[in-house]
Every structure is written in C-alpha cells, then in structure tokens.
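Using my numbering, the final residue of the sequence shown is 323, and nothing's skipped along the way.
Beta carbons: idealized from backbone N, C-alpha and C, even for Gly.
Notes follow once the structure below has been shown.
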Amino acid sequence: MIHTFQLKSLQIHKPLILAPLAGYTDLPFRLLCRQYGAGLCYTEMISCHGLVYNKKKTLQMTRTVSEERPVSLQLFGADPVLMGEAAGIVSDMNVDIIDINMGCPVKKVVKKGAGAALMKNLDLAAAIIRQVCSKTSLPVTVKIRTGWSHDTLVAPEFARMAEDNGASGIAVHGRTWTQGFGGEVDWQTISRVKKSVSIPVIGNGDISTYQDGLTFLQISGCDGVMIGRGALGNPWVFSEDGTPTTLAKRMKGLADHLCLIQKYSRPDKILAKIKNHAGRYFKGIAGGSAIRRKIYDVSCFEELLEISRSFSM
Ligand SMILES: Cc1cc2nc3c(=O)[nH]c(=O)nc-3n(C[C@H](O)[C@H](O)[C@H](O)COP(=O)(O)O)c2cc1C
C-alpha cells in the first residue's frame, strides 16, 4: 500500500517522519534520517523571539540544505504578532512547512504560555495559528498533545479549531502534558483526532521499529507516523530492512552520521553532543557496551572517526 499525503500543495511521499527533538534534530541528523528513508524531518523548536530579534544561535538553528527537503521548521512562542513576524522571516528561508509547537511540556516554555500551555487556551492558540497563516504561503501545521491532563482530552476539538484557522496538518503526541514523556500512548485519542478533521494527521508516541510505524499507521488511520526517541542512534527505523544486529552494520550508521557532522558542523565544538548520539548506535547489541565506553573516552572528533574506521566493513 502506498502511503502518501499532502500538506497544502506539498506532497509527502513516505509516511514515517522524524519528530522535532530539541538538542538532536540538527541538520546532519535530519539529513541522515532522510537518507535512511524518513519522508519528512522537523527542525528543533525555534524561538520566535530569537528569530525576530536576530539572535545568532537561533539563526544557526534555521540552517537547511536542499538535499534534506522537504523540511519543516518548528516555531514556538505565545505572542501571535511575534509568531506571525517569525513566520514571515521563515517564509524567505529554504523550508517547506512551518510547524507550531503546542505540545512542549517543559516548564520554561509552558510558564510563558507557549508549548502545551496553549492547549488550555484555545483562543490564544487560534490567534497564533491565524497570524502565522496570514504571514506565509507555506503549509502551516500544529503539533499538539492529547490534552493537558487525562480529564481534558481536547485534542479532537483543538485540531478542528486549528483546521478552521488555516492549519494544513496536525501532529499529535499521544500523551497529555501531565504524562510528560512516560506512561501509555493514547492511540485512541489520536484516531479521534484523525476522524475529527479533514487535513492530514500524523500520530506520534513510542514507535521504535519500522514495522510498528506501519502497524500504528494502519490502526490509527493516520496519514503519517512521527518517530522521535526511536530514531536516535537508529536511523534504520525509517528503513524497511529494519535495525541491523551486527556491530559492523551499526558502525556504518554511525560513520554515515559522522560524515554528515563533519560536512555540516564544527565537530570539536560539539563533541559532547556527538558522543551522546554516537553511543546510542550500540545499544542492545553484543559488544556494544565496550564500544560505548571507547566512545565516551575520546577527546576529539578525529578519535571518534578512527573508531568508526576501525570497524568499516
Ligand atoms: C529530548 C527531546 C526533545 C524534544 N524536543 C521537541 C521539540 O523541540 N519540539 C516538539 O514539538 N517536541 C519535542 N519533543 C517531543 C517529541 O517530538 C515527541 O513528540 C515525543 O518524544 C514522543 O515521541 P517518541 O516517543 O517517538 O519520542 C522532544 C522530546 C524529547 C525526548
């Protein structure tokens, strides 16, 4: 069965999608996931303030290249005017979709009324969506949770509100704010969201294999399935062949990732972050813990490259 879907006029050809993950879904990792079969990748969440006020760090996070397209840039913020301005700025960049973060549970974000706090404030959420849509011709999507807590599962009506205000797609993480990132994923509410709107819906939560991705696509009736933590150290989650079980093949994944890091970033400046990614390639595999120890001991990027070369097939 061919699973494709359309966000406004943009066709997404493969249904498994890389979720936005702050601290992880930078340009090299997105490129890697596209190479391994992701149909679409999201940037990390990007502050509308940072964009509007031209903050260097924020601007660095917006970097994209044509090989990774289609790419969705995720904005967060709680001020409709600033979010609109940020959308205008993003529209001049090489991105295909603007996503609005309405699901982040982190205190720092929620305290300012952004992220998941917007699920308690439909009027403000509607104003943000309207304002963003009015400043861009790109498809605008919204990423939400099932609700704030188990007794307020507002996702279906929230999604309808988003559609009515111009959104072209919805991604739903099947947990409430109260649940954070643990507890059971509520695919039933995700299915209810799908039934409540006519725009594409992307389901999300705890998918860690390609096969599970397809299964949940079918069970939920969603148009796409989004994978976050399951893709870390495991870009094969987007490939039909699945995650390899030999060290050498896992090492090939790391080598591909390191190659992209070398090409698109300054590796020695972000060594701790790279080691965090690298160690994950060897989870749950015989001999993996010894390699992880080696990885954590390296003191420069070149040493990490040497480890990956020493295992090349
Ligand atoms: C480290 C980390 C960073 C995240 N950053 C973002 C983010 O920037 N924007 C967002 O909408 N969701 C973010 N999320 C939520 C994920 O996109 C996803 O909805 C959630 O992890 C559930 O999917 P999973 O079980 O496949 O990881 C983050 C989650 C984690 C664990």
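Close Cβ partners of A124 (< 6 angstroms) along its chain, the five nearest in sequence each way excluded
F86, G87 and A88
Distance, V308 Cα to S82 Cα
34 angstroms
In this structure, what does DSSP give as the bridge partners for S201?
Beta-bridge pairing links S201 to no other residue.
For I317 and T253, I'd like the C-alpha separation in whole angstroms.
20 angstroms
P245 to G263 span [Cα, whole Å]:
7 angstroms
For S218, which residues in the same chain have their Cβ closer than 6 angstroms to its Cβ, ignoring the five residues on either side in sequence?
G240
Per DSSP, what kind of secondary structure is F86 in: helix, strand or coil?
strand
Are A165 and G176 close, meaning C-beta to C-beta below 8 angstroms?
no
Whole-angstrom Cβ separation of L305 and L314, contact assumed at under 8 angstroms?
Here residue 305 is Ile; the residue named in the question, Leu, does not match the sequence. Contact flag correct, Cβ pair sits at about 7 angstroms.
Going by the beta-carbon positions, is the gap between T151 and I99 smaller than 8 angstroms?
no
In terms of DSSP beta bridges, what is F15 paired with?
I22
Which same chain residues end up closer than 7 angstroms to Y291 when comparing Cβ atoms and leaving out the 5 residues on each side of it in sequence?
G243, R260, G263 and L264
I180: which of T225, G193, T72 and I154 sits nearest, CA to CA?
I154
Whether S101 touches S144 by CB criterion (8 angstroms)
no
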